[in-house]
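Let me begin by presenting the structure, written as C-alpha cells, before commenting on it.
2 protein chains.
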Amino acid sequence: MVVDQHRVRTDRVFHALADPTRRDIVRRALGGEHSVSALARAYPMSVAAVQKHVSVLERAGLVTKIRSGREQLVRGNVKALVEARRALDRLEEVWRSRIERIGEILAEEEGSSR
Amino acid sequence: MVVDQHRVRTDRVFHALADPTRRDIVRRALGGEHSVSALARAYPMSVAAVQKHVSVLERAGLVTKIRSGREQLVRGNVKALVEARRALDRLEEVWRSRIERIGEILAEEEGSSR
DNA sequence: ATAATCTACAACCAAATGGTTGTAGATCAA
DNA sequence: TTGATCTACAACCATTTGGTTGTAGATTAT
Numbered sequence: 001m002v003v004d005q006h007r008v009r010t011d012r013v014f015h016a017l018a019d020p021t022r023r024d025i026v027r028r029a030l031g032g033e034h035s036v037s038a039l040a041r042a043y044p045m046s047v048a049a050v051q052k053h054v055s056v057l058e059r060a061g062l063v064t065k066i067r068s069g070r071e072q073l074v075r076g077n078v079k080a081l082v083e084a085r086r087a088l089d090r091l092e093e094v095w096r097s098r099i100e101r102i103g104e105i106l107a108e109e110e111g112s113s114r
Numbered sequence: 115m116v117v118d119q120h121r122v123r124t125d126r127v128f129h130a131l132a133d134p135t136r137r138d139i140v141r142r143a144l145g146g147e148h149s150v151s152a153l154a155r156a157y158p159m160s161v162a163a164v165q166k167h168v169s170v171l172e173r174a175g176l177v178t179k180i181r182s183g184r185e186q187l188v189r190g191n192v193k194a195l196v197e198a199r200r201a202l203d204r205l206e207e208v209w210r211s212r213i214e215r216i217g218e219i220l221a222e223e224e225g226s227s228r
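As they're listed, the protein sequences go chains B and L. Residues in the first sequence are numbered from 1 upward in steps of one, following the numbering used here. Residues in the second sequence are numbered from 115 upward in steps of one, following the numbering used here.
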C-alpha cells in the first residue's frame, strides 16, 4: 500500500524521538555538524551505543551522515521534523473540527429555542 | 531533577505515538468518545491488546478513560498533543537560529567586501 | 613507520514491547 | 436469575531495544 510507507516513516520518526539521548543528538546536529565520536563524548555511554542512536535517527530521516576524512559528520535534517509536526497537526485538526461541530450544534439550538 | 519529569513525559508521548494503532486510537478518541471494546472492534487484535495500547496512551496523557456503567469511554486529550508539538518546535528553533546566524555572517561579509 | 583516532560491525545480554490466552468481577439485558 | 458484554489483569512468548565488549579497517598525527 501507498499509505503504509508514510505510516512506517511516521513510526520511525516518533520512535526515534522517544529517547532523550536521541533528541539531544538531533538538537546538537541541528545546531551544527558533529562527528559521531564528538557526540559520544557528551553522553555516559560507549561510542558504539551512540553510533546505534545515530543510525536510528538516520533511518528516521532526522539526521544525515557526511564523510569527512576519517570522521563522519552528523547533520540534523529539519524536514523530517516538520513532517512529524504535520502528523501532530493532522491529529489536532480532528479535534478542532469536532469542537467546531459542537459549536454549530449549540448555535443551532440557541437559534431554535428563541 | 525537575527537568527529568518533562523528559520522561516527552519520552512517553513520542513513544506512544510511534505506533499506528495507537495513533489511530488517538485520532478516533479526539473525534469523540469510544469504549475500549468498540475501539477493539476496529483492529485485528484482541481486546486485551487494545487495552494495553489505551493504557500506554493514558500514561502518556494522550487519552483519558471515563467510566460509564460497565464500559470505559476513551477520550482524546489535545493538551498532550500540543505539548509534543512544542517539543518539536523547540528543536526546530535550534535549526532556525543557526540559519539566522549564518545569514548574519553572510550579510557581514557582503558588507565588508563592498 | 608507528601510534592514535574514528568508524563499522558482530556477538552478546537484560529489559521492554506488543501480542496472545485465560480467569474473574461488574454491569446490563432477557 | 441467567446469560451476554465489558473491563481488568496475570502469565506467557517472540521480537525489539538499548546497552556492552571486542575486532578490524581507514585515516591522521608523531
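Note that the Cβ used here is the ideal one computed from N, Cα and C, for glycine as well. All figures in this text were calculated on a predicted structure; none of them were measured in a lab.
By the criterion of Cβ-Cβ separation under 8 angstroms, what are the contact partners of residue 15 of chain B in chain L? By one-based count along the first sequence, residue 15 of chain B stands at place 15. By Cβ distance, chain L contributes 128, 129 and 132.
Are the Cβ atoms of residue 131 of chain L and residue 14 of chain B separated by less than 8 angstroms? As a position in the second sequence, residue 131 of chain L is number 17, starting the count at 1. As a position in the first sequence, residue 14 of chain B is number 14, starting the count at 1. Taking 8 angstroms as the cut-off, the Cβ atoms of residue 131 of chain L and residue 14 of chain B count as close.
In the DSSP assignment, what are the bridge partners of residue 188 of chain L? Numbered from its first residue, the second sequence carries residue 188 of chain L at position 74. Residue 188 of chain L pairs with L:148 and L:179.
Am I right that residue 209 of chain L and residue 63 of chain B are in contact with their C-beta atoms under 8 angstroms? What's the rounded C-beta distance? Sequence index remark: in the second sequence, residue 209 of chain L carries index 95 (1-based). Sequence index remark: in the first sequence, residue 63 of chain B carries index 63 (1-based). Not confirmed; about 12 angstroms, so no contact.
Is residue 20 of chain B helix, strand or coil when you go by DSSP? Your numbering for residue 20 of chain B matches position 20 in the first sequence. In the structure shown, the three-state DSSP call for residue 20 of chain B is helix.
Can you tell me which of the three DSSP states residue 155 of chain L falls into? Here residue 155 of chain L is taken as the residue at index 41 of the second sequence, counted from 1. Residue state, collapsed to three classes: coil.
Out of B:2, B:23 and B:1, point me to the one whose CA is closest to residue 80 of chain B's CA. Stepping through the first sequence from its first residue, residue 80 of chain B is reached at position 80. Residue nearest to residue 80 of chain B within the set B:2, B:23 and B:1 is B:23 (criterion: CA-CA distance).
Residue 225 of chain L: buried (16+ other C-beta within 10 angstroms of its C-beta) or exposed? By 1-based counting over the second sequence, the position of residue 225 of chain L is 111. With fewer than 16 other Cβ atoms within 10 Å, it is exposed.
Close-in-space but distant-in-sequence residues of the same chain around residue 12 of chain B (CB under 7 angstroms, 5 per side omitted): As a working mapping, residue 12 of chain B is identified with position 12 in the first sequence. Closer than 7 angstroms at the Cβ level, and outside the excluded window around residue 12 of chain B, lie 59 and 60.
If I measure Cβ to Cβ from residue 122 of chain L and keep anything under 7 angstroms in the same chain, skipping five residues before and after, which residues do I get? Here residue 122 of chain L is taken as the residue at index 8 of the second sequence, counted from 1. The beta carbon of residue 122 of chain L is closer than 7 angstroms to none in its chain, skipping five residues each way along the sequence.
Roughly how many angstroms separate the alpha carbons of residue 56 of chain B and residue 187 of chain L, rounded to a whole number? As a first step, residue 56 of chain B must be located in the first sequence, where it is residue number 56. As a first step, residue 187 of chain L must be located in the second sequence, where it is residue number 73. CA-CA distance, residue 56 of chain B to residue 187 of chain L, rounds to 36 angstroms.
Report the neighbours of residue 59 of chain B on chain L: residues whose CB is nearer than 8 angstroms to its CB, in chain order. Numbered from 1 along the first sequence, position 59 holds the residue referred to as residue 59 of chain B. Here the premise fails: no neighbours, minimum Cβ distance about 13 angstroms.
For residue 135 of chain L, collect the residues of the same chain with a Cβ closer than 7 angstroms to its Cβ; drop the 5 residues on either side in sequence, then sort them by chain order. In the second sequence, the residue the question calls residue 135 of chain L occupies position 21. 157 and 167.
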